[in-house]
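Residue numbers (our numbering), protein chains in the order written: chain V, 24 to 444; chain E, 291 to 518.
Think of the CB as a built atom: it goes at the ideal place given N, C-alpha and C, for glycine as much as any other residue.
Treat the numbers as computed from the prediction; the structure is a model and nothing was measured.
One structure is given here, and the rest of the page talks about it.
Structure representation (structure tokens):
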């Protein structure tokens, strides 16, 4: 149960499931101040009662000693915010129960039940049950009330009246007292839970608002990027239109010129699609979408058509972007120059705590043999690619066989950032 | 991607009846001329939005429908759902310009037989038309990645919720990496036919998932049967 207590060191409550309630939140502050005020007032009342009936007290030294100690405790509790500690609350409950039992010893024999002399320890101990209810919820609040009720029954015994000798009226009075303790602990627990819930909702609303602001900022950035690309698309379209008309007016048309126009249109379509696919979503703070990184790495690779496939939305830490991007680019350029491939795919997925990026081609392939490659002086590119990935704490795996294309796999560990929802 | 088994000219065979659904007339013209030049297909109808597509599909009896997803009034996904439910023998091939992932996946979940980006070449499109007509899904690398993410979205499926076997997962990854069925078969030491069967099963599970989702939705809403 103690794991529900969220007050250690005055830490801000961040778990919306917590039934207990932090004194640092607006609603909670009111509740705690109220309980503290009740404690002070009831302690003062206890002292006044003791003064008024001082002539009727048995064991005066015991009464005044207990009241003094209780007074010191009240001050310590209030001044040092000791109520935030579960152990302090348990001690508080124990001392309150002791005070109740003790009261049986300090008033005249037979005077605690049904007599017209006020029973001096009734009011103050309730604050212990209230505090536990506020901190730990309804269940423990009720339990604390029960502990006090048992103490109340024991005070009769301490006063010299056996429980079996109590009259129905006296039982009723005892029952009233017990009900009062238990109800107070439980009721404060309920209030605290309600306050806790509404505070959690408020917190959620605040977080949602913050996310909303972030999203708006991202959308603005996206739009700025969009305008740039739309500009280049419009320009390309205008050019296609103009050149197309010129070509149509000519007697003879060179295939190469038409091809150039088609190429231009294709490039713009590619850029536009990349823009649409990189639509911003809920991004963890300080992370960038891997797809955008890969699109940038692929942009402008000529000689082989490249498809990018990613399994879901993958986020990547910005400090790794340069290295990964350069490695992917190198792998693709190698494919374009040497593999005679008809196409290449850049595939990305998340696996456990790593991001896996594979560059795969359907080209001529090769025997992957580091020793052989080194002898032939072909290790240079491979070494620099490996170096970049290893710098990120990652690994490179290459699999290929003659006639079977090749697959270069980068595996980079990504520490998942702690971000609360 | 996979041209094994003879595409292109299919002498003696009737051309495949194709309907093109797209709101751009220029695009429809382009597809019509590409397909008819390839000699394997003839365009029997053109529709410019989803509602029109549903009506024309009933009347003109196409075998294959090339469907854009972004359409005015009735969307491509909705039209696909209607057409597949009403005319189960008609194959819908999604041809999308932007590859908006959610839409593409949704279209495949409601019964589209495949998905190509609009920048596919004329030969790729003709080949895809032939393959879907023959009942083979057109499972591109990007679609495989989408399907993988759909199955991984829920890490721990509830009992009864269709999930992938380890082998299916492996095959999907290879398709997403751009391997052809033939290459996958070689790599895993299985036959092409087996690879195709796995892909069919994966798609069937995707459709089951859709039905499972509808059922769960219906139960949550307190209805006693899934909406049709």
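- Between the alpha carbons of residue 274 of chain V and residue 267 of chain V lies a gap of roughly 13 angstroms.
- DSSP, reduced to helix, strand and coil, places residue 112 of chain V within a helical segment of the structure shown.
- Interface with chain V (8 angstroms Cβ-Cβ cutoff): residue 432 of chain E is included.
- Under the 8 angstroms criterion on CB atoms, residue 368 of chain V is classed as interfacial with respect to chain E.
- Closer than 8 angstroms to the CB of residue 335 of chain V there is at least one CB belonging to chain E.
- Across the structure, residue 309 of chain E and residue 334 of chain E are spaced so that their CA atoms are roughly 6 angstroms apart.
- The C-alpha of residue 73 of chain V lies about 25 angstroms from the C-alpha of residue 189 of chain V.
- At a cut-off of 4 residues, the continuous stretches assigned as alpha helix (DSSP H) that sit fully inside the segment 380 to 420 of chain E are 391 to 399.
- Less than 8 angstroms divides the Cβ of residue 207 of chain V from the Cβ of residue 153 of chain V.
- Residue environment analysis places residue 230 of chain V among the exposed positions, since fewer than 16 neighbouring C-beta atoms fall within 10 angstroms of its C-beta.
- Using a CB distance below 8 angstroms, the part of the segment 453 to 477 of chain E facing chain V consists of 463, 466, 467, 468, 469, 470, 473 and 476, ordered along the chain.
- Rounded to the nearest angstrom, the gap between the Cα atoms of residue 263 of chain V and residue 407 of chain V is 41 angstroms.
- Counting C-beta pairs with one atom in each stretch, the segment 382 to 398 of chain E and the segment 356 to 366 of chain E have three or more that are closer than 8 angstroms, which means they touch.
- For the pair residue 404 of chain E and residue 428 of chain E, the CB atoms are nearer than the 8 angstroms cut-off.
- Any Cβ of chain V closer than 8 angstroms to the Cβ of residue 409 of chain E would place that residue at the interface, and such an atom is present.
- Under the DSSP assignment, residue 389 of chain V falls outside any beta strand (DSSP E); it carries neither an H nor an E label.
- When DSSP states are grouped into helix, strand and coil, residue 399 of chain V belongs to the coil group.
- Following the DSSP letters along the chain, one finds residue 484 of chain E inside the alpha helix (DSSP H) bounded by residues 482 to 510.
- Using beta-carbon distances, residue 289 of chain V counts as an interface residue toward chain E, with a partner under 8 angstroms.
- Short of 8 angstroms from the beta carbon of residue 402 of chain V, and not among the five residues preceding or following it, lie these beta carbons of its own chain, in chain order: 393 and 396.
- Contact check between the segment 458 to 476 of chain E and the segment 397 to 414 of chain E: fewer than three CB pairs, one atom from each, fall below 8 angstroms, which does not count as touching.
- Between the segment 173 to 190 of chain V and the segment 209 to 217 of chain V, the count of C-beta pairs closer than 8 angstroms stays below three; the two stretches do not touch.
- At a cut-off of 4 residues, the continuous stretches assigned as alpha helix (DSSP H) that sit fully inside the segment 324 to 383 of chain E are 340 to 350 and 366 to 376.
- Cβ-Cβ distances below 8 angstroms link residue 319 of chain V to 348 in the same chain, with the five nearest sequence neighbours on each side left out; the list follows chain order.
- Neighbours of residue 383 of chain V across chain E, judged by C-beta separation under 8 angstroms: 467, 468 and 469.
- Residue 95 of chain V is classed as exposed because its beta carbon has fewer than 16 other beta carbons within 10 Å across all chains shown.
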